[in-house]
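Residue numbers (the UniProt record's numbering): 1 to 81.
For every residue, glycine included, the Cβ atom is placed at its ideal position computed from N, Cα and C.
On a predicted model such as this, the values are computed, not experimentally measured, just so you know.
Written out below as structure tokens is the structure these notes cover.
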């Protein structure tokens, strides 16, 4: 869960969903609690996308799930080149 989901009257919006998508990526491809690159089992580019998504500072996250998804696809395609 994102940090704001633990706060009373906090803003819950797309950035909250972005955090949860990034957290899911870490659950599947890395350390759920330890989000270091050492635990990550995919490319550095995908790590950077997921890491930005779980930023504690909501202003530093992707603004929307679509922006996160587009960045994820670009990073995944960079792996293939």
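Residue 70 sits in a helix when the DSSP states are folded into three classes. Counting along the chain, no alpha helix (DSSP H) covers residue 62, and no H or E run does either. Look at residue 79 here: in three-state DSSP terms it is helix. In the DSSP annotation of this structure, residue 4 is not part of any alpha helix (DSSP H), being labelled neither H nor E. DSSP places residue 44 in the uninterrupted alpha helix (DSSP H) bounded by 44 to 53. Buried is the label assigned to residue 61, since at least 16 other Cβ atoms lie within 10 Å of its Cβ. Under the DSSP assignment, residue 22 falls in the alpha helix (DSSP H) whose first and last residues are 14 to 29. In this structure, DSSP gives residue 33 a state outside helix and strand, which the three-state scheme calls coil.
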